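Everything below concerns the one structure shown next.
Residue numbers (our numbering): 2 to 230.
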């Protein structure tokens, strides 16, 4: 895709490090051969390999994936749009949000995401101005959970699986859905760390785990069915 890869401060602290199984080793090895900053033993290596195989990611540049970088809102909708088969939106993002340029790498993806109900933007501006998408803004783990939950048309009840997720939080049902289907293991036992910035590696791992578990999909999920590993 345009914009030099996926449209891309490292973030400290290992999270979500569930190791991939031996059946996924070929994907992991292919990723390590493609990107200088990914090793076959990395927990996210097979996930990135799956994304590469289906043209969902092109990396952050020619030889790098930048796994430790924050994932931005623009990158998220671009990756989700590609995983949906790059559907043509009725309106481009630049026609919906005031802060999306017509030459943005994510213009079509943002328009599709708004049309599909995957995003409503980052905030509503003053009444005499338009809505904002904030594509360059880093996404928190709570934001990523909410994006994925809407993308997959998932259904779950709010729960208190994690001590730092309030049952009445906007992302509570999304996190419960992810936990129930082993999409997330949290940032540490009993914690999800919703406010912590999500990395590109974490997002790849989440999306791959969703694709690998069709039972987590809602009836109108946007992920292309033929992408299941």
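Note that the Cβ used here is the ideal one computed from N, Cα and C, for glycine as well.
Note that the structure is a prediction, hence the values are computed from the model and not measured.
Identified DSSP bridge partners for residue i
| i | result |
| --- | --- |
| residue 98 | 132 |
| residue 124 | 133 |
| residue 189 | 192 |
| residue 71 | 200 |
| residue 173 | Answer by DSSP bridge pairing: none, since residue 173 is not bridged. |
| residue 62 | 65 |
Between the CA atoms of residue j and residue i - distance to the nearest angstrom
| i | j | result |
| --- | --- | --- |
| residue 131 | residue 195 | 28 angstroms |
| residue 142 | residue 193 | 8 angstroms |
| residue 98 | residue 222 | 24 angstroms |
| residue 144 | residue 225 | 22 angstroms |
| residue 200 | residue 91 | 30 angstroms |
| residue 159 | residue 217 | 16 angstroms |
| residue 227 | residue 178 | 22 angstroms |
| residue 180 | residue 212 | 15 angstroms |
| residue 72 | residue 38 | 16 angstroms |
Reference residue i; option with closest CA among the options
| i | options | result |
| --- | --- | --- |
| residue 79 | 219, 111, 228 and 151 | 111 |
| residue 215 | 229, 203 and 206 | 229 |
| residue 210 | 47, 29 and 86 | 47 |
| residue 25 | 35, 38, 49 and 36 | 49 |
| residue 231 | 150, 58 and 190 | Outside the displayed range of the chain (2 to 230) lies residue 231, so it cannot be described from this structure. |
| residue 137 | 32, 70 and 179 | 70 |
Own chain partners of residue i with C-beta closer than 7 angstroms, once the 5 adjacent residues on each side are dropped
| i | result |
| --- | --- |
| residue 133 | 98, 99, 100, 122, 123, 124 and 126 |
| residue 156 | 219 |
| residue 5 | Unreliable placement is indicated for residue 5, whose pLDDT of 38 sits below 50; no coordinate value is reported for it. |
| residue 118 | 151 |
| residue 107 | 8, 75, 78, 79, 94 and 136 |
| residue 168 | 159, 160 and 161 |
Sequence-distant residues of its chain with Cβ nearer than 6 angstroms to residue i (five each side left out)
| i | result |
| --- | --- |
| residue 197 | 142 |
| residue 81 | 152 |
| residue 147 | 172 and 175 |
| residue 202 | 45 and 68 |
Own chain residues within Cβ distance below 8 angstroms of residue i, not counting five before or after
| i | result |
| --- | --- |
| residue 96 | 112 |
| residue 36 | 49, 60, 64, 65 and 66 |
Meets three-Cβ-pair contact criterion under 8 angstroms: the segment 54-73 and the segment 184-196
no
Using 8 angstroms as the cut-off, can you tell me whether the segment 34-48 makes contact with the segment 72-88, which would need three or more C-beta pairs spanning the two stretches below that distance?
no
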